Each structure stands twice: as C-alpha cells, then as structure tokens.
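Enquirer: Here's a structure for you.
In the working numbering, the protein residues as written are 1270 to 1802.
This is the structure in structure tokens:
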C-alpha cells in the first residue's frame, strides 16, 4: 500500500469519512488505519459512562447531539459494539430506513418502538434535527422533552442529552491555549513507534522516488516536526477566534489529508484554500500577505536575485526536509512561518519571527483568563483596569464622539441638531464586582463589565472586537467591512447614550458656546453659560 492510499481514509470524500458497522472479518488495512487514528475524548468517556449505567428494564434515552462531521457515528458505533445488548441504537437520525419515509418519520417509528418496550435507547442526532423534530415530529412525549432541552438545556423524564458543543476543541489554560484533540491526532498521525502509517511511509520512501511521491513524503516529514504541528494548531485557533470556525473531527482529518496530499509543499497547501472549510478560513492568515519592511525587502531581493550568503546557506539545508526547487518568494515566507519555532540550519528563518508576531492573540488570552479566573487579586485587577481604561473606555469614547472629536475627556455626545451638540459628562469604570458573577464562556469571547454612572453594563468581547477597539483608539474609523463586529459596539454605545440622556446635568455645545442645564429635581432647571469647564 502506498502512503497516499493509507492517508486517504482521512479524506472527506473517502468511504471511511463516515463510520459504518463493518464485520470484524471483513476488515482490511484501511479499516485498521482508521481505527488507529481514532482519538477517545472526554465526551466518549461520558457517553460510555451513561450507557453503562442504564438498566436493561428501565426506560431511559440518551441523545448524542452535535453537528455534521463531529464524530457522532464513530463514537456510537464503538459504543454499540460494547453495549449492544444493553440498549437499542439509532446511529444517525438524519437517515431513514425506508426510501418512502423521511428522517422525521423514521424517528417517529424509533420513538414509538421505544415506548412499546422497556429497553434503553441511544440516538445520534444533529442539533438542527432536534429542532426539526420538536416542530414536525408526531410523538408528543418526545417533542415535549426535546423542546424543554432546547429551551433550558436540561434533562428530564429519564432522557439525557450529551452535546459536542459542551466539549470545545480548544481551551485556554494557565500558560496559553491547547487543543487536546488536534494535538493527539497529530501525534498519532506522525508517531515514530507503533504507527501503521509511519511503517507505510518508511516503505514508500524506499520504493517510490517520483517527484509527486517525494513531495508527499516531504510533507509528512514536515508535519512530523513539533514546530509545524504547533503552527497548524495556532492557525486553527486563529480560525476559531477570528472567523468563528468550529473544528469537527471530519473537517480536521480532511484538512490534514489536504496538507500532506495536496498539490504543493505543505507550507503552500496550508494557505491554498480549496474544498475544505478550515482551509478556506486559514487562507486569510497567509503570512505572505503581511507587509513589513523586513518582508518587503526579502521579496524584492529574492525576486531580483540579489546575493545573500546566509540565505544561500539556509537553502542548501532544505534537502534535509525533502524540500527543493522553490523559486517563489511567497513559498519561502510560508516555509519561514511554519518553522518559526524550529531550530534549523543557520536559523535564517528566525529573522522574520517579529514580523509573524501574534501580540493580539496573546493580549486576548491574557484578558480572557483574567476575566474567567477573576479572584480580586492585584494581577487580575491590573489587567482588567488597563483593558477597560486604555482600550474599552477609550474606544467607546472615540467611537461615540466620532462626530464631535473636540469634546473633552469624560464628555459623551448624545445627539446633534443644527450644529448644537447635546452632551453628558459620564464616568465609565470597570465593574470588578460584576465580573465574578458572570457565567463561564467558551474561548471565543469573554464578558466585559463596566459601570456607567450608577448603571452596570456588560459587553461580549471577541478577538475581532478587541482588534477593532485597538484600531479605533489609534484613530481608525470603522467602515462597512467592520459591520459584523461594530454592531456590538453600536449596541453598547446606544445603551450608554440612554443612560447619558437621563443625567441630571446636560451640556449644550456649539463651537465656543457652552450651556449647562441642571435638573434640581424640583421641577426647576438651572441654566448657565460657560466658555470652559
């Protein structure tokens, strides 16, 4: 078997992309490779634990919920082999057994059969299909229970819901961020010992010497480098944070297959896009599109063939990675990027480490952790106050006052008519007491808490909003391309404006004219004209 054929089990177009029940006697080498690549995650242990607790004569149901490609059929096929006598299994609720029936009619039959006997039932179902059944299904008992789960997220009536969404693929820990699933999969795929794929690779390397095979072998060796694996995980994390892209088992396997078996070297395949949802998001992080003096100088020098002894020495070592024949400057920049944390040759590639800096992600992780783990310590308070004062409050003020840039600190524009600006003076501070009360969030956002006057407000902050606020502080004016992110800021500014309009003291400003109107709470207003505050 050739390496490309062995890796083909990872492709979404492979018949192995969706697990089906196969006879133990009918297994071939590809079945064994697919089994080898299977990663048991906490959700699998929780599902097995729940099924193992079922009583044979007690009516209980377990719904394994998720999205397409997250591994429901893989997990439940393994459970059926282990617990097939303990419960009935309906592995995929998007399918019907009869071409004359749709999936909902099939579920009706499955649920009716369950109610007519006492054996527990296990159902694999897409979250969307849950909603469809709650609206269109015929079994009122199940409709009611599913609606309750969708509305409250809770179990009832001996029915249990385990959702892949509650088991995120990324987590932020004390040091940085992790993706246990991706890390384990990459380690298994490239392991040096007891690895069926590695054995086929070693054989392929000896027997296949044509250019396509050599490139495939080079890509596999590149992906075996810890630094390259870390780069891949970094990019997946970026896609999750900045593009709201979820990583499923199937999409990740297909993505890794594309990296190795794609038309170019791994570093070019990584940013080539194509027929993969992860690849199409990651292409936007192509380091070759970065514009810095250092990168521009390299492109110009390489394109003109200007001599550089360090670069020439670096290139002589690329054969150690199986890489050769590169001419495109962009390809070299991508290679430098994936080797960023690797000690290789004369380390020429490290000249570009600062150009590939990920300061935004590092800042986001720090602020996220201090909100999530808020303990009233000096460190937490310091990080949150700095974020609130220098980024959040500064961005709110600049964005709110974008049509009144001359307003002094702590003054916020409420409205403007015929050249007259209605303004309120507000104090916006971090609401440290409220932070500890916020429920935990996924890595994609944290909840910022502020006080405006006497009112407490919250704002979900994702990395895109953090980036936009930083740019606003630096003088950037949002445009139509920012509409998906700026809407969060618009909603907060609208709330602040409503609070401001209720202040006892308002200011009317027109050029150098400044009129102050104060409500003395006795149906009387005090008006004074000021030239300065």
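Ideal Cβ positions, reconstructed from N, Cα and C, are used throughout, including at glycine.
For clarity, every value in this text was computed on a predicted model and none was experimentally measured.
1. Comparing alpha-carbon positions, which option in 1332, 1448, 1543, 1355 lies nearest residue 1402?
2. Hey, how far is the Cα of residue 1552 from the Cα of residue 1558?
3. Could you tell me whether the Cβ atoms of residue 1379 and residue 1345 are closer together than 8 Å?
4. Return helix, strand or coil for residue 1272, following the three-state DSSP convention.
5. On the three-state DSSP scale, how would you describe residue 1498?
6. Could you have a look at residue 1686 and say whether DSSP puts it in helix, strand or coil?
7. What's the call for residue 1439, buried or exposed, on a 16-neighbour Cβ count within 10 Å?
8. Any idea which residues DSSP pairs residue 1763 with across the strands?
9. Near residue 1762, which residues of its chain fall below 7 Å by C-beta distance, leaving aside the five closest residues on each side in sequence?
10. What distance in whole Å lies between the Cβ atoms of residue 1433 and residue 1339, which are believed to be in contact at a cut-off of 8 Å?
11. Does the distance from the C-beta atom of residue 1634 to that of residue 1656 stay below 8 Å?
12. Tell me the DSSP secondary structure of residue 1778 in three-state form.
13. Quick one: Cα of residue 1712 to Cα of residue 1504, how far?
14. Do the region 1343-1362 and the region 1382-1399 touch if we need at least three Cβ pairs shorter than 8 Å?
15. Can you grab the Cα-Cα spacing for the pair residue 1787 / residue 1773, in whole Å?
16. Since residue 1318 is in the alpha helix (DSSP H), which residue starts that stretch and which ends it?
17. Please classify residue 1421 as buried or exposed, where buried requires at least 16 neighbouring CB atoms within 10 angstroms.
18. Out of 1305, 1328, 1642, state which residue places its alpha-carbon closest to the alpha-carbon of residue 1343.
19. Is it the case that the CB of residue 1389 approaches a heavy atom of the ligand HEM more closely than 7 Å?
20. Count the CB pairs spanning the region 1594-1610 and the region 1482-1502 that are closer than 8 Å, and state whether there are at least three.
21. Enumerate in chain order the residues of its own chain whose CB-to-CB distance from residue 1388 is below 6 Å, with the five nearest sequence positions on each side excluded.
22. What do you get for residue 1531, buried or exposed, if any count of 16 or more other CB atoms within 10 angstroms of its CB means buried?
23. Whole angstroms is fine: what's the gap from residue 1563's alpha carbon to residue 1686's?
24. Compute the distance between the beta-carbons of residue 1624 and residue 1561, then report whether it is under 8 Å.
25. Between which two residues does the alpha helix (DSSP H) harbouring residue 1656 extend?
26. So which of 1544, 1631, 1697, 1672 has the shortest CA-CA distance to residue 1444?
27. For the alpha helix (DSSP H) holding residue 1300, just list the boundary residues, first then last.
28. Among residues of its own chain, excluding the 5 on either side of residue 1292, which ones have a beta-carbon nearer than 6 Å to its beta-carbon?
29. Use the C-beta contact count for residue 1556: other C-beta atoms within 10 angstroms, 16 or more gives buried, fewer gives exposed.
30. Can at least three beta-carbon pairs, one atom from the region 1718-1727 and one from the region 1735-1751, be found at a separation below 8 Å?
31. Could you check whether residue 1502 and residue 1275 sit closer than 8 Å to each other, using their CB atoms as the reference points?
32. Spatial neighbours of residue 1527 within its chain, please: C-beta separation below 7 Å, excluding the five flanking residues on both sides.
33. Nearest CA to the CA of residue 1726: which residue from 1714, 1509, 1702?
34. Out of 1569, 1507, 1317, state which residue places its alpha-carbon closest to the alpha-carbon of residue 1347.
35. Taking the Cβ atom as the reference point for each residue, do residue 1330 and residue 1428 lie within a distance shorter than 8 Å?
36. Can you give the Cα-Cα distance for residue 1688 and residue 1672, rounded to whole angstroms?
Expert: To lay it out plainly:
1. To locate residue 1402, count along the chain shown from 1; it is residue 133. Per the Cα distances, 1332.
2. Counting from 1 along the chain shown, the entry for residue 1552 is found at position 283. Counting from 1 along the chain shown, the entry for residue 1558 is found at position 289. Between the alpha carbons of residue 1552 and residue 1558 lies a distance of about 10 Å.
3. Counting from 1 along the chain shown, the entry for residue 1379 is found at position 110. Counting from 1 along the chain shown, the entry for residue 1345 is found at position 76. No.
4. As a position in the chain shown, residue 1272 is number 3, starting the count at 1. Helix at residue 1272.
5. The residue labelled residue 1498 in the question sits at position 229 within the chain shown. Residue state, collapsed to three classes: helix.
6. Translated into positions along the chain shown, residue 1686 becomes position 417. Residue state, collapsed to three classes: strand.
7. Locating residue 1439 in the chain shown gives position 170, counting from the first residue. Residue 1439 should be labelled buried.
8. For the purposes of this step, residue 1763 is taken as residue 494 along the chain shown, with counting starting at 1. Beta-bridge pairing by DSSP links residue 1763 to no other residue.
9. Here residue 1762 is taken as the residue at index 493 of the chain shown, counted from 1. Once the five neighbours on either side are set aside, the close Cβ partners of residue 1762 are 1665, 1668, 1669.
10. Position 70 of the chain shown, counted from the start, is the residue given in the question as residue 1339. Position 164 of the chain shown, counted from the start, is the residue given in the question as residue 1433. That belief holds up - the Cβ atoms of residue 1339 and residue 1433 are roughly 5 Å apart, short of 8 Å.
11. On the chain shown, residue 1634 is found 365 positions in, with the first residue counted as 1. On the chain shown, residue 1656 is found 387 positions in, with the first residue counted as 1. No, the Cβ-Cβ distance between residue 1634 and residue 1656 is not below 8 Å.
12. Mapped onto the chain shown, residue 1778 falls at position 509. DSSP places residue 1778 in strand when its eight states are reduced to three.
13. Against the chain shown, residue 1712 aligns to sequence position 443. Against the chain shown, residue 1504 aligns to sequence position 235. Whole-angstrom Cα-Cα distance: 15 Å.
14. yes
15. For the purposes of this step, residue 1787 is taken as residue 518 along the chain shown, with counting starting at 1. For the purposes of this step, residue 1773 is taken as residue 504 along the chain shown, with counting starting at 1. Rounded to whole angstroms, residue 1787 to residue 1773 spans 6 Å at the Cα level.
16. Here residue 1318 refers to the residue found at position 49 of the chain shown. Residues 1311-1321.
17. Taking the chain shown and counting its residues from 1, one reaches residue 1421 at position 152. Burial call: exposed.
18. Walking along the chain shown from the start, residue 1343 turns up at place 74. Of 1305, 1328, 1642, the residue nearest in Cα terms is 1305.
19. The ligand HEM is absent from the structure shown, which contains no ligand whatsoever.
20. yes
21. Within the chain shown, the letter at position 119 stands for residue 1388. Excluding sequence neighbours, residue 1388 sits near 1357.
22. As a first step, residue 1531 is located in the chain shown; it is residue number 262 there, counting from the start. Residue 1531 should be labelled buried.
23. Sequence index remark: in the chain shown, residue 1563 carries index 294 (1-based). Sequence index remark: in the chain shown, residue 1686 carries index 417 (1-based). For residue 1563 and residue 1686, the distance between alpha carbons rounds to 49 Å.
24. The residue you call residue 1624 lines up with position 355 of the chain shown. The residue you call residue 1561 lines up with position 292 of the chain shown. Contact flag set, yes.
25. Walking along the chain shown from the start, residue 1656 turns up at place 387. 1647-1656 is the extent of the alpha helix (DSSP H) around residue 1656.
26. Along the chain shown, one-based indexing puts residue 1444 at 175. Per the Cα distances, 1631.
27. Within the chain shown, numbered from 1, the residue matching residue 1300 stands at position 31. 1298-1306 is the extent of the alpha helix (DSSP H) around residue 1300.
28. On the chain shown, position 23 is the one that residue 1292 refers to. Here the model assigns residue 1292 a pLDDT of 47, short of 50, so the residue's position is not dependable, and the following value carries that caveat. So no residue of the chain qualifies.
29. As a first step, residue 1556 must be located in the chain shown, where it is residue number 287. When all chains shown are included, residue 1556 counts as buried.
30. no
31. To locate residue 1275, count along the chain shown from 1; it is residue 6. To locate residue 1502, count along the chain shown from 1; it is residue 233. Against a cut-off of 8 Å, the Cβ pair of residue 1502 and residue 1275 comes out as no contact.
32. By one-based count along the chain shown, residue 1527 stands at place 258. 1538, 1543, 1545, 1548, listed in sequence order.
33. Residue mapping note: residue 1726 aligns to position 457 of the chain shown, counting from 1. When only C-alpha atoms are compared, the closest one is 1702.
34. Taking the first residue of the chain shown as 1, we reach residue 1347 at position 78. For the set 1569, 1507, 1317, the Cα lying nearest the Cα of residue 1347 is the one of 1317.
35. Start at 1 with the first residue of the chain shown, and residue 1330 comes out as number 61. Start at 1 with the first residue of the chain shown, and residue 1428 comes out as number 159. Contact flag set, yes.
36. Within the chain shown, numbered from 1, the residue matching residue 1688 stands at position 419. Within the chain shown, numbered from 1, the residue matching residue 1672 stands at position 403. Near 11 Å, if we compare the C-alpha coordinates of residue 1672 and residue 1688.
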